[in-house]
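Here the structure comes first, spelled out in structure tokens, and everything after it is commentary.
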Amino acid sequence: KPLPTDRIQFQKQLDLLRAYAAISGPGMTPVSNKAVADVVKMVASTVSMSNKFFSEMGFLLPVSGEAGYIPSQDVVNYARAFEWKPESAAYKLAPIAQRLVPKLRYRPMDETEALQDLAEEAAASPSYENQVRLLLDYLAAAGVVVREGGLVRIGPAVDVGNGDITAGPSPTAEAETPRPEAPVRAPAVATAFA
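Next comes the structure, spelled out in structure tokens:
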């Protein structure tokens, strides 16, 4: 399975996705590598290194008969969210990740174990460790996982109750407003004795 290229820095790969969405616009017109390269100030052949992975992940959709791609709805949502809240915008890319979620719902994993699991899924040998590590970077950026002290645990973009990956962070307990409870009234009791 395709892996992300390790010849383009991770943040720059996210910039490429935003560029595809920006150039494609509301009309979802096909976008060429050259058009993206001009926007992000890269060489078109370097931009093309990410296309196979982006296409396999469903980020970009190839346009038959044309030399170009259109961004998926997740990528468009990511680009829009970036305008408002860049720090959590990549959560819109969360639907890409299903491999680790069931395991992380059960328990946190050592980062090495998580990398091995992703490598197995991608059928990647140890020589591709840098690219597999980028997969973990994507999962962290999308809020699917959180990396802390060498451990990988479930992230805020996963609804722990049913394992679904949401399009944004789950609400925290602090953000929830408790409903006031209705006063409890004792039933009226007649105690008249003759």
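Heads up: the sequence shown begins at -3 in our numbering, then just goes up one per residue. Glycine is no exception: its CB is placed at the ideal position from the N, C-alpha and C atoms. Only a predicted model underlies this, so the values are computations on that prediction, with no experimental measurement involved.
Residue i versus residue j: straight-line alpha-carbon distance, rounded
| i | j | result |
| --- | --- | --- |
| Val142 | Pro104 | 10 angstroms |
| Val154 | Gly139 | 8 angstroms |
| Asp221 | Val36 | Outside the displayed span of the chain (-3 to 190) sits residue 221, for which this structure offers no information. |
| Ser68 | Glu107 | 29 angstroms |
| Glu62 | Val148 | 41 angstroms |
| Tyr102 | Val128 | 22 angstroms |
| Asp34 | Pro98 | 41 angstroms |
| Ile66 | Ser60 | 11 angstroms |
Closest by C-alpha distance to residue i, when choosing among the options
| i | options | result |
| --- | --- | --- |
| Pro191 | Met24, Ala86, Arg76 and Ala85 | Within the shown structure, residues of the chain are numbered from -3 to 190, placing residue 191 beyond reach of any answer. |
Nearest-angstrom Cβ-Cβ length linking residue i and residue j, presumed shorter than 8 angstroms
| i | j | result |
| --- | --- | --- |
| Lys30 | Pro(-2) | In fact, because the Cβ distance is near 22 angstroms, the residues do not count as touching under 8 angstroms. |
| Arg14 | Phe78 | 6 angstroms |
Distance CB(residue i)-CB(residue j) smaller than 8 angstroms
| i | j | result |
| --- | --- | --- |
| Leu111 | Glu125 | yes |
| Leu114 | Ile150 | no |
| Val27 | Gly64 | yes |
| Tyr16 | Val32 | yes |
| Glu88 | Asp70 | The question names Glu, but residue 88 in the sequence shown is Lys. In contact: Lys88 and Asp70 (Cβ atoms closer than 8 angstroms). |
| Phe50 | Asp133 | no |
| Ala137 | Ala86 | yes |
| Pro0 | Leu131 | yes |
The beta strand (DSSP E) enclosing residue i, as first and last residue numbers
| i | result |
| --- | --- |
| Arg143 | Val141 to Glu144 |
| Arg149 | Leu147 to Ile150 |
| Pro58 | Leu56 to Pro58 |
Residue i: first and last residue of the uninterrupted alpha helix (DSSP H) it sits in
| i | result |
| --- | --- |
| Tyr74 | Gln69 to Trp80 |
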